[in-house]
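*Asks:* Before I ask anything, let me first share the structure, which is written out below as structure tokens.
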Amino acid sequence: MASVILENVRKVYAGGVEAVKGISLDVPNGSFTVLLGPSGCGKSTLLRMIAGLETITGGTCKIGDRVVNEVEPAERDIAMVFQNYALYPHMSVYDNMAYGLRNRRTPKPEIERRVREAARMLAIEDFLDRRPRALSGGQRQRVAMGRAIVREPQAFLFDEPLSNLDAKLRVQMRIEIRRLHNRLKATSIFVTHDQVEAMTLADVVVVMNHGRIEQVGKPTDVYNRPATRFVATFIGSPAMNLVPGRVIGRGKVEIPGSGTLDFDPDQFEVADGTSVEVGIRPEDMTVAASGESNGFAMKPEFVEELGPNRLVHGLAGSAPLVLSVPSSMHDLGNGTIALHVPEHRVHVFDTTTGRTLRRG
Amino acid sequence: MVERRSLATLLAHVVLILGIVVVAFPIWVTFVASTHHAKDIMTAPIPLWPGTQFFENYRRLLFEGLINPTAGGVPMWRMMTNSFIMAMIIALGKIFVSFIAAFAIVYFRFPFRMVVFWIIFMTLMLPVEVRIVPTFKVVADLGMLNSYAGLTIPLIASATATFLFRQFFLTVPDELAEAARIDGAGPVKFMKDILLPLSRTNLAALFVIMFTFGWNQYLWPLLMTTDRQYLTVVMGIQRMINVADTDPQWPMVMAAVILAMLPPVAVVLLMQRWFIKGLVETEK
């Protein structure tokens, strides 16, 4: 196992499109790092550069203490799991897993041992003689992981491996991947656009957008302390509400047409009179008991029923606002709803840069 | 599924049976004619049932050949061997060359890749007949007249097969090539271990088409060979008919036609099993 260290890595495609704009990232030995971002944010390109499937335009990529910029994928000592599994359709499961080892002239008994062991670990022992097409999606995914495991690589690279599975299987495989990681303690880099996958799997989440890193942190960090407006809205479902406001005193922000909100003045550094963007998660707001509200209120427009809870869509002043309430709450009254937000759950962002105004 | 109705089924069968009769009847007549004496089939009515000369006619044709000035006693087995060698070299050569060419075009980024592809593609529009005079000149200058090499090499380059393989390679997911790269398979290994097995249906289909193409070559062997040793079946039949001052020996000609049909039919039947196997086994 080894760490993966990226220094100012860039990718410019022929034609001038800059897919990755100078990324520096340290993936510590044995960690599970998830690259998360919307499609086209460069996360897959970054992974493919680490794998050696894309050339690196600028910067350096180190696996262990070796710079691998010019090293062939096979010699980088990594293994990759692809979204569409990329199993060789004409080979049996056993041969699929053994192919890489045979190419490296691993002795036969050793291949046999490793394949059997990986198959046992992944519970695919019964399918070793089958062709991939005779397997279900989840089983194929396991074979793809088995092919990676038998190589005993320095790092595992996962390129959206769960996207082709149905929702139920995805949850199951997610748990299995996590379990496998706990067992193997292998350095893993996992690319996904699914925030739930990222939150549940990662030791470290790297949120990317437009070829840049927006935030690196533990799952709880990116959720509780988003560094930018982008991270704030990308992580969490339904997305965080963003409403324009103006700071009118220490720890107080006015939402035009709606009321005022308290925020924690020790956490955010912002001068009076500044126009800011206020972020509040739908699940952090509650319908206020009398006297609890500072006048922050919303005009409801319609309700989305989700089962355990319901989403109330409406307006705070002129800004759209979504509120999540338990399904047990029936009476929302008519007219405006007064809302309560605990002050430490209010996020404040710079209007122009979109960066958080959080201290330190 | 179309609804099954007895009238529609009946009609479909009538049409199909008529079709089979139209196709099969001439072949039957050919076969019948090959089993009679020459004089029997020149007198009306033409016999519709096999005669007594089956073994005699075929034996003479296969091992002695026709004695006439042009066909000159070349036995049929000799012609069939020539045709078979020519068809095999053309079919296998075409498949080999176009497989490699398509592999290069699809999987390697070299300068003027698309230019090369379009040049190959454009030659689709230039069949042998169009370039026959310059090709003949080249082959003659290289001293390849009256040889298997001269018979086959000019026909081997194939834009059609290259194009087909290219289209097939484009449907192979890129991830497969990438997975192979990570698994430490170089280009040649990837081609041998992965692309070739995946292409076997295409290989079988192309082999059938190209073998038939090679077997049926007429104009090129006619120009290329003057030596009777290189006489092919199709040329042989033409020479059997083309006799001066006497009637062609029709039973022999018919027997030659029947024999000429057999190898392509055999290839189709043999390869058909591969086809279906390949079709059933393909992914998804």
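Protein chains in written order, with our numbering: chain A, 1 to 360; chain B, 361 to 644. Note that beta-carbon positions come from the ideal geometry of N, C-alpha and C, so glycine has one too.
1. At the level of alpha carbons, what is the spacing between Leu-47 of chain A and Leu-6 of chain A?
2. What are the complete beta strand (DSSP E) segments, minimum 3 residues, inside the region 596-633 of chain B?
3. Could you name each continuous alpha helix (DSSP H) segment of 4 residues or more that falls completely within the region 157-214 of chain A, going from the start of the chain to the end?
4. Starting from Glu-277 of chain A, follow the beta strand (DSSP E) in both directions and report where the run begins and ends.
5. Please return the same chain residues whose Cβ sits closer than 6 Å to the Cβ of Lys-62 of chain A, not counting the five positions on each side in sequence.
6. Taking the DSSP output, what are the residues bridged to Ile-63 of chain A?
7. Terminal residues of the continuous beta strand (DSSP E) containing Phe-302 of chain A?
8. Grouping DSSP H, G and I as helix and E and B as strand, with all else coil, what is Ile-542 of chain B?
9. Is there a Cβ from chain B that is less than 8 Å from the Cβ of Ala-79 of chain A?
10. At the 8 Å Cβ level, is His-193 of chain A part of the contact set with chain B, yes or no?
11. Could you tell me if His-373 of chain B is buried or exposed, where buried requires 16 or more neighbouring beta carbons within 10 angstroms of its beta carbon?
12. Give me the residue from A:Val-207, A:Gly-146, A:Met-97 and A:Asp-166 with the minimum Cα distance to Ile-177 of chain A.
13. Is DSSP giving Val-34 of chain A helix, strand or coil here?
14. Compute the distance between the beta-carbons of Leu-339 of chain A and Ala-271 of chain A, then report whether it is under 8 Å.
15. I want to verify the contact list: residues of chain A whose CB lies under 7 Å from the CB of Glu-535 of chain B, in sequence order.
16. Can you pull the chain A residues whose beta carbon is under 8 Å from the beta carbon of Lys-549 of chain B, in chain order?
17. Hey, does Leu-372 of chain A have any beta-carbon neighbour from chain B nearer than 8 Å?
18. Could you give the DSSP three-state label for Lys-644 of chain B: helix, strand or coil?
19. Name the chain A residues whose beta carbon is nearer than 7 Å to that of Ile-601 of chain B?
20. Is there a C-beta anywhere in chain A that falls below 8 Å from the one on Pro-471 of chain B?
21. Going by C-alpha to C-alpha distance, which of A:Phe-296, A:Asp-266, A:Gly-335 and A:His-90 sits closest to Gly-360 of chain A?
22. Could you give the residue range of the alpha helix (DSSP H) that holds Leu-311 of chain A?
23. In the DSSP assignment, the alpha helix (DSSP H) including Asp-501 of chain B goes from what residue to what residue?
24. Indicate whether at least one CB of chain B lies closer than 8 Å to the CB of Ala-74 of chain A.
25. For Ile-510 of chain B, which of helix, strand or coil comes out of DSSP?
26. Less than 8 Å between the C-beta atoms of Ile-235 of chain A and Val-243 of chain A, yes or no?
27. In the structure shown, what three-state DSSP assignment does Val-593 of chain B receive?
28. What's the call for Asp-159 of chain A, buried or exposed, on a 16-neighbour Cβ count within 10 Å?
29. Taking just the CA atoms, how far does Arg-133 of chain A sit from Lys-644 of chain B?
30. At least one CB of chain B closer than 8 Å to the CB of Arg-229 of chain A: is that the case?
31. Taking C-beta pairs closer than 8 Å, name the residues in chain A that Leu-555 of chain B reaches, listed in chain order.
32. Does the structure place the region 36-45 of chain A close enough to the region 68-75 of chain A that three or more beta carbon pairs sit under 8 Å?
33. Nearest chain A C-beta to Asp-543 of chain B closer than 8 Å, yes or no?
34. Under a Cβ-count criterion, where at least 16 other Cβ atoms within 10 Å of its own Cβ denotes burial, should Met-595 of chain B be classed as buried or exposed?
35. Taking Trp-610 of chain B as the reference, which of B:Ala-393, B:Phe-385, B:Trp-437 and B:Thr-369 has the closest Cα?
*Replies:* Taking the coordinates as given:
1. The alpha-carbon atoms of Leu-47 of chain A and Leu-6 of chain A are separated by roughly 11 Å.
2. Taking 3 residues as the minimum length, the region 596-633 of chain B contains no beta strand (DSSP E) run wholly inside it.
3. Complete alpha helix (DSSP H) runs here, min 4: 167-184 and 195-201.
4. 275-280 is the extent of the beta strand (DSSP E) around Glu-277 of chain A.
5. Within the same chain, Lys-62 of chain A has close Cβ partners Ile-5.
6. Beta-bridge pairing links Ile-63 of chain A to A:Val-4 and A:Arg-66.
7. DSSP places Phe-302 of chain A in the uninterrupted beta strand (DSSP E) bounded by 297-305.
8. Residue state, collapsed to three classes: helix.
9. Judged by the 8 Å Cβ criterion, Ala-79 of chain A is in contact with chain B.
10. No, His-193 of chain A does not count as interfacial toward chain B.
11. By the 10 Å Cβ count, His-373 of chain B comes out exposed.
12. When only C-alpha atoms are compared, the closest one is A:Gly-146.
13. If DSSP states are grouped into helix, strand and coil, Val-34 of chain A belongs with the strands.
14. No, these two residues do not count as a Cβ contact at 8 Å.
15. The contact set of Glu-535 of chain B on chain A, defined by CB atoms closer than 7 Å, consists of Phe-82, Asn-84 and Ala-86 in chain order.
16. Asn-103, listed in chain order.
17. Residue coverage of chain A in this structure runs from 1 to 360, which leaves residue 372 of chain A outside it and unanswerable.
18. Any reading at Lys-644 of chain B must be qualified, since the residue scores a pLDDT of 37, below 50, and its modelled position is unreliable; no value is offered.
19. By Cβ distance, chain A contributes nothing, its closest Cβ being about 49 Å from Ile-601 of chain B, past 7 Å.
20. No, Pro-471 of chain B does not count as interfacial toward chain A.
21. When each option's Cα is compared against that of Gly-360 of chain A, the closest is A:Asp-266.
22. Segment 309-316 is the beta strand (DSSP E) holding Leu-311 of chain A; no alpha helix (DSSP H) there.
23. Element bounds for Asp-501 of chain B: 492-501.
24. Closer than 8 Å to some Cβ of chain B, the Cβ of Ala-74 of chain A qualifies, so yes.
25. Residue identity check: residue 510 of chain B is Gly in the sequence provided, not Ile. In the displayed model, Gly-510 of chain B falls within a helix according to three-state DSSP.
26. Contact flag unset, no.
27. Correct three-state label for Val-593 of chain B: helix.
28. Classification of Asp-159 of chain A: buried, given that the 10 Å Cβ count is 16 or more.
29. Residue placement at Lys-644 of chain B cannot be trusted, given a pLDDT of 37 that sits under 50; the coordinates are not used to answer.
30. In terms of beta-carbon proximity, Arg-229 of chain A stays away from the interface with chain B, with every pair separated by 8 Å or more.
31. Per Cβ cutoff of 8 Å: no residues; Leu-555 of chain B is ~10 Å from chain A at best.
32. At 8 Å Cβ cutoff, the stretches do not touch.
33. Closer than 8 Å to some Cβ of chain A, the Cβ of Asp-543 of chain B qualifies, so yes.
34. Counting Cβ neighbours within 10 Å, Met-595 of chain B comes out buried, since at least 16 surround it.
35. If we check each option's Cα against that of Trp-610 of chain B, B:Ala-393 comes out closest.
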